[in-house]
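Counted the way the numbering used here counts, the sequence shown spans residues 607 to 705. Take a look at the structure below.
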Amino acid sequence: MLLHDVIADIGSKPRTSVIYVREGSVPVTGATEVILVPDGEAPPDGWTYLLELWIAQEVLEVWSAWRDERTPSLREACEAVVFYAENDAYLSDEDEDPS
Numbered sequence: 607m608l609l610h611d612v613i614a615d616i617g618s619k620p621r622t623s624v625i626y627v628r629e630g631s632v633p634v635t636g637a638t639e640v641i642l643v644p645d646g647e648a649p650p651d652g653w654t655y656l657l658e659l660w661i662a663q664e665v666l667e668v669w670s671a672w673r674d675e676r677t678p679s680l681r682e683a684c685e686a687v688v689f690y691a692e693n694d695a696y697l698s699d700e701d702e703d704p705s
């Protein structure tokens with residue numbers, strides 16, 4: 607599955623899952639292959655931590671709150687989650703790519 611698949615259907619996924627990407631997946635984008643692993647379980651060899659699913663959900667809630675409750679597009683949602691995973695910070699309006 608791809609990151610954008612997880613983000614598009616985030617509300618139906620177990621909140622306690624952890625998102626992992628293949629080692630060496632740089633840059634991480636919505637088209638990056640991911641797996642969901644239950645919290646507390648080790649990922650298969652060759653996979654590295656990206657973010658807990660509940661944190662990804664929180665990232666999207668903050669994104670909307672900071673933008674007058676607007677719902678992000680799938681691209682915007684993926685960018686916000688990846689930004690948080692890489693920077694341990696929420697994506698502000700100033701950080702966004704205007705293109």
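Where is the CB? At the ideal position from N, CA and C, for every residue including glycine. Note that the coordinates shown come from a computational prediction; the quantities given were computed from them, not determined experimentally.
CB of residue i within 8 Å of CB of residue j, strictly
i, j, result
"Trp-672", "Ser-698", "yes"
"Leu-642", "Ser-623", "yes"
"Val-634", "Ala-686", "no"
"Val-636", "Arg-681", "In the sequence as presented, Val is not what sits at residue 636; that position holds Gly. Contact flag set, yes."
"Val-640", "Val-665", "no"
"Gln-663", "Ile-625", "no"
Burial state of residue i, where buried means 16 or more other Cβ atoms lie within 10 Å
i, result
"Glu-667", "exposed"
"Ala-648", "exposed"
"Ala-683", "buried"
Rounded distance between the beta-carbons of residue j and residue i, thought under 8 Å
i, j, result
"Val-627", "Leu-656", "5 Å"
8 Å Cβ cutoff, residue i in contact with chain B
i, result
"Glu-647", "Any reference to chain B falls outside this structure, which holds one protein chain only."
Paired residues, beta bridge with residue i - DSSP
i, result
"Leu-642", "Ile-625"
"Thr-761", "In the structure as shown, the chain begins at 607 and stops at 705. Residue 761 is therefore absent and cannot be evaluated."
"Leu-608", "Glu-639"
Proximity test, residue i beta-carbon vs the ligand PLP heavy atom, cut-off 7 Å
i, result
"Thr-677", "In the structure shown, the ligand PLP is absent, as is every other ligand, since no ligand is present at all."
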